[in-house]
Amino acid sequence: MSVLIVLLLTAAAVAYVGYPLLVGRGQRPVLLSVEPESVVIAGVAYASEEEWALDRALDKAEDGVPERQTGPSLQEVDAEIERRVAAVRAQRRKQQAQGQVKRTVCPECGKPFQAGDRFCARCGAPHPNVCPQCGERHRPGDLFCVRCGAALPGGQE
Amino acid sequence: MMTDVGSAALLLALVFSLYTAVAGLLAALRLRSDLLASARRSAVATLALVTLAGAVLVVLLFQRDYQVLYVYQHVNSSLPPLYTFAALWAGQEGSLLVWLWLLAGLTVVAMRQRAAWSRELEPYALAVLGLVEAFFALLLCLVSKPFVLLPARAVDGVGLNPLLQNPGMVYHPPTLFLGYAAFTIPFAYAVAALVTGRLGEQWLRGIRRWNLVAWTFLGIGILLGAQWAYVELGWGGYWGWDPVENASLIPWLTATALLHSVMIQERRGLFKVWNLFLIIGTFLLCVFATFITRSGFVQSVHAFSRSSIGYYFLGFIGLWAVVSLWLIAARRRELRSDAIVEAVLSREGTFLLNNILFTGLALAVLLGTLFPALTEALSGTQIALDRSFFDRVSGPVTLAMLALLGVCPLLGWRRAGGLRSALPVSLGAGAATALLLALVGGMRSGLALFAFGLIAFAATTVVVEFARGVYARRKVAGELPHVALVNLVRKNRRRYGGYIVHLAVVLIALGITGQGLFKSERQVTLQRGEAVNIGSYQVRFEDLSSERAADRERHVATMGVYVRDERIATLRPEYNFHYNVQQYVSEVAIRSTLAEDLYVAMAGISADGSAVTFRVLLNPLMIWLWIGGAVLLIGTVIAFWPEGRRQVRVAVPAVRRAAS
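Next comes the structure, spelled out in structure tokens:
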């Protein structure tokens with residue numbers, strides 16, 4: 001009996017811990033904050049200019065102008081965004097290589113469409129999921145255009 | 158069967174905490190987010206497994222399964238439910254389990270913190286936390302097993318030591334353990350910052366709440382322990398400089414130094430190496446405190462029996478000390494100060510003094526605590542230091558701290574600032590208090606006058622700081638005084654919460670001074686109807702009743718308390734013979750007022766039961782120690798409360814959504 005419980009326990013724990021490795025997916029990335037953590041005035045870091053003003057009123061701080069802000073700089077945030085975009089691209093390439101992402105190809109010449117394309121870049125044929133009246137892209141299987149209300153050809157895919 | 162499940166859960170907890178460490182490290186080295194996610198889940202799994210083991214032990218305790226050694230040793234059939242639960246941490250095995258459980262829980266909480274600063278540090282911090290958890294799990298699996306079985310089921314258990322049967326047993330140990338365990342989080346992030354080289358101020362700001370939480374729980378835990386000792390041990394005091402008490406005080410002292418010196422690094426970029434030393438040192442001292450309690454290394458009323466577990470603790474402390482020192486040495490270039498201390502009479506200058514005092518006192522207490530062991534190692538005989546050594550060291554240092562506390566908040570960064578307008582007020586208040594006490598109160602002791610003067614000085618500084626802040630806000634924003642006060646605290650929670658903590662420390666100092674310098678004690682043997690005078694009280698021994706209970710023989714004395722022949726209270730101290738330990742344990746009766754505590758304990762009963770020996774004490778200002786503790790809690794909650802500032806955030810779509 002106890003052997004069974006322990007085995008079940010082990011299996012449950014291993015499954016729970018191993019799951020991210022199995023599906024190859026990490027945590028959602030952290031939100032980026034661009035809020036300055038402190039502002040440096042006369043060589044001292046304050047939480048805000050308001051705090052410095054209080055200290056100034058209490059005769060505890062020098063006069064001065066904000067010299068610089070500490071905390072994540074825009075460059076750092078920029079670099080972080082770049083890093084994440086690179087990670088997304090890498091993930092997409094990996095999925096494509098594994099054939100997980102189905103790309104729509106041009107019904108005329110067979111060239112794959114890029115995201116957001118309305119016409120084929122090689123032969124000019126319209127994307128199969130584009131409203132013939134207004135040109136809005138729609139999801140496969142939609143019966144009417146979400147923008148102009150025109151009935152869509154094909155309907156079912 | 159249940160013990161098997163408990164042991165297996167602990168073994169699995171060991172495996173998963175090791176996996177947390179390895180997966181966290183690999184996630185960091187290979188930049189794999191799936192491994193990090195797995196390591197986080199492993200930390201959650203460890204918590205679940207330790208919770209299971211703890212739950213099993215609790216169930217066994219309540220089932221009174223006397224075949225389990227731990228249950229046999231710590232409960233018996235007459236133990237009330239509350240203490241049956243508290244028996245979970247009454248013994249070494251159980252308390253290590255609670256330590257591990259708290260650490261595992263805090264690890265999971267810490268991993269929920271998903272700020273930008275912790276992104277790169279988190280995998281390493283998780284690895285460190287995993288290793289620390291693994292150490293405790295290893296102890297529970299190898300040396301200090303909670304689920305050991307006896308060859309046969311005993312009829313009844315030994316039961317909990319009667320001294321432990323006090324409400325203090327329910328909340329003092331867990332609070333203290335929470336403080337100890339919480340210091341692991343700053344330690345883990347400090348090691349992570351050293352490894353990654355991201356030694357800027359961000360991580361230090363990020364963990365400041367953890368420092369505060371750990372410091373608060375440790376401090377409140379110590380005060381709760383003092384309160385317990387006061388009401389239970391019957392010798393009339395609350396602090397005996399016992400090695401285990403000292404062991405908990407030392408990390409609290411270094412942590413207090415840390416809370417202050419961290420501010421200097423945040424504001425001015427100074428003391429970077431020092432702060433790392435303090436964070437790492439405080440954690441290692443917490444482990445050291447656990448070691449002192451459990452190794453039998455020094456004699457103490459708190460200590461568990463001597464065991465080999467001490468070597469594991471020493472190894473653990475030594476290993477981390479070497480690793481941390483090596484990391485700090487390797488990063489010494491990055492840890493250079495950004496500036497210098499320009500003036501002693503500035504905020505950073507006085508913080509430096511504060512740090513010297515706190516760490517100096519910590520060092521002195523540490524040496525004093527280890528002195529018997531050191532002398533035994535060097536000369537072969539143990540020489541123990543009595544409490545006069547500790548009193549002589551801590552007294553002047555505490556007075557110096559009070560003086561600093563009265564000056565430091567008035568100073569600005571880099572400059573003396575607000576001294577001119579505020580210092581005369583505080584100094585005046587201090588001098589006036591001393592003068593009043595001497596002339597009107599008739600106090601003659603120079604030391605007492607000096608101490609009370611300093612206390613008034615420090616307290617006035619806090620009040621003046623609040624008043625000046627309110628005045629400044631009124632001038633700038635034109636607010637009414639009470640609105641200005643609320644807004645002042647609300648917009649500067651950390652600062653004014655800190656000031657409230659200062660006030661709490663002053664109140665605690667008031668209690669310590671009053672009790673320390675003016676306590677009076679009388680030990681008398683009284684017949685029924687006789688009375689003893691102490692202070693303005695007359696305490697009359699009126700009756701003694703005896704009864705037999707299941708676990709003890711109760712003797713309750715009824716004492717009438719009179720002031721000028723007017724009966725104001727009845728006190729009922731007890732003197733009980735506990736069968737399980739075969740000795741008498743005294744239950745104290747106390748009448749507390751804001752001015753003084755009247756404390757009556759029975760110290761013996763004559764053979765024929767006609768005469769009783771009483772210890773009667775008058776402890777002036779004692780209650781302010783506990784009021785100070787409550788104020789301290791209020792202050793830290795204010796300082797801890799998040800600043801309600803507007804958050805500007807840039808959301809980046811999750812990987813999954815962008816990929817589809």
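Chain order of the listed sequences is A and B.
Quick note, the first sequence lines up with residues 1 to 157 if you use this note's numbering.
Quick note, the second sequence lines up with residues 158 to 817 if you use this note's numbering.
Positions of the beta carbon are idealized from the N, C-alpha and C atoms, including for glycine.
Query raised in the report: In whole angstroms, what is the alpha-carbon distance linking residue 714 (chain B) and residue 744 (chain B)?
Result: 11 Å
Query raised in the report: When we look at the beta-carbon of residue 548 (chain B) and count the other beta-carbons within 10 Å, is it buried (16 or more) or exposed?
Result: exposed
Query raised in the report: Which residues, taken in chain order from the segment 48-61 of chain A, show a beta carbon closer than 8 Å to some beta carbon of chain B?
Result: 48, 50, 51, 53, 54, 55, 57, 58, 59, 60, 61
Report task. For the segment 167-180 of chain B and the segment 284-294 of chain B, state whether three or more C-beta atom pairs, one from each stretch, are separated by less than 8 Å. Result -> yes
Query raised in the report: Going by the beta-carbon positions, is the gap between residue 17 (chain A) and residue 189 (chain B) smaller than 8 Å?
Result: no
Query raised in the report: Between the beta-carbon of residue 106 (chain A) and the beta-carbon of residue 113 (chain A), is there less than 8 Å?
Result: In contact: residue 106 (chain A) and residue 113 (chain A) (Cβ atoms closer than 8 Å).
Query raised in the report: Between residue 74 (chain A) and chain B, is there a C-beta pair that is closer than 8 Å?
Result: no
Query raised in the report: Three or more beta-carbon pairs under 8 Å between the segment 423-442 of chain B and the segment 248-261 of chain B, yes or no?
Result: no
Query raised in the report: When Cβ atoms are compared, which residues of the segment 201-218 of chain B fall closer than 8 Å to chain A?
Result: 201, 202, 205, 206, 209
Query raised in the report: Taking all protein chains shown into account, do 16 or more other C-beta atoms lie within 10 angstroms of the C-beta of residue 82 (chain A), making it buried, or fewer, making it exposed?
Result: exposed
Requested in this report: Sort B:630, B:624, B:582, B:603 by Cα distance to residue 614 (chain B) and report the nearest one.
Outcome: B:582
Query raised in the report: Looking at the C-beta of residue 37 (chain A), does it have a partner C-beta in chain B at a distance below 8 Å?
Result: yes
Query raised in the report: Of all the options A:133, A:129, A:148, which has the alpha carbon lying nearest to the alpha carbon of residue 139 (chain A)?
Result: Taking only the C-alpha atoms, the option nearest residue 139 (chain A) is A:129.
Query - Min CB distance residue 140 (chain A) to chain B below 8 Å - result: no
Query raised in the report: Can the beta-carbon of residue 513 (chain B) be found closer than 8 Å to that of residue 559 (chain B)?
Result: no
Query raised in the report: Is the CB-CB distance between residue 712 (chain B) and residue 747 (chain B) below 8 Å?
Result: No. Outside cutoff.
**Report entry** Residue closest to residue 441 (chain B), alpha-carbon to alpha-carbon, out of B:481, B:403, B:423, B:466
**Finding:** B:481
**Report entry** Helix, strand or coil at residue 683 (chain B) [DSSP, three-state]
**Finding:** strand
Query raised in the report: Mind pulling the chain A residues with CB within less than 8 Å of residue 533 (chain B)?
Result: Those within 8 Å of residue 533 (chain B) in chain A number zero; the least Cβ separation is about 46 Å.
Report task. From the DSSP output, read off the bridge partner residues of residue 158 (chain A). Result -> With chain A covering 1 to 157 only, the question about residue 158 (chain A) has no answer from this structure.
Requested in this report: Tell me, please, whether the CB atom of residue 678 (chain B) is closer than 8 Å to any CB atom in chain A?
Outcome: no
Query raised in the report: Can you tell me where the alpha helix (DSSP H) with residue 159 (chain B) in it begins and where it stops?
Result: 159-187
**Report entry** Beta carbon of residue 494 (chain B) nearer than 8 Å to that of residue 537 (chain B)
**Finding:** no
**Report entry** Contact list for residue 17 (chain A) against chain B, beta-carbon separation under 8 Å
**Finding:** 173, 176, 195, 198, 199, 202
**Report entry** Within-8 Å CB hit, residue 64 (chain A) to chain B
**Finding:** no
Query raised in the report: How would you call residue 1 (chain A), buried or exposed, if buried means at least 16 neighbouring beta carbons within 10 angstroms?
Result: exposed
**Report entry** Within chain A, the residues that residue 187 (chain B) reaches when beta carbons sit closer than 7 Å
**Finding:** Correct list: empty, because the minimum Cβ distance to chain A is about 12 Å.
Query raised in the report: Opposite residue 771 (chain B) in the DSSP bridges: which residues?
Result: B:681, B:759
Query raised in the report: Just how far apart, CA to CA, sit residue 248 (chain B) and residue 317 (chain B)?
Result: Each residue's alpha carbon lies about 10 Å from the other.
Query - Contacting residues, own chain, Cβ-Cβ under 8 Å from residue 646 (chain B) (five flanking each side not counted) - result: Cβ within range, chain order: 653, 654, 795.
Query raised in the report: Based on the DSSP output, what are the partners of residue 698 (chain B) in its beta bridges?
Result: B:716
Report task. Check the C-beta distance from residue 428 (chain B) over to residue 437 (chain B) and give it rounded, since I have them as a contact under 8 Å. Result -> With 8 Å as the limit, residue 428 (chain B) and residue 437 (chain B) do not qualify as a contact, their Cβ atoms being about 14 Å apart.
Query raised in the report: Would you say residue 158 (chain B) reaches chain A, if we count a Cβ-Cβ gap shorter than 8 Å as a contact?
Result: yes
Requested in this report: Anything in the segment 639-651 of chain B with a Cβ closer than 9 Å to a Cβ of chain A? List those residues in chain order, please.
Outcome: 645, 648, 649, 651
Query raised in the report: Using 8 Å as the threshold, is the segment 409-417 of chain B in touch with the segment 386-393 of chain B, meaning 3 or more CB pairs across them?
Result: In this structure the segment 409-417 of chain B does not touch the segment 386-393 of chain B; the number of beta carbon pairs closer than 8 Å is below three.
Report task. Taking residue 693 (chain B) as the reference, give the member of B:522, B:267, B:677, B:211 with the closest Cα. Result -> B:677
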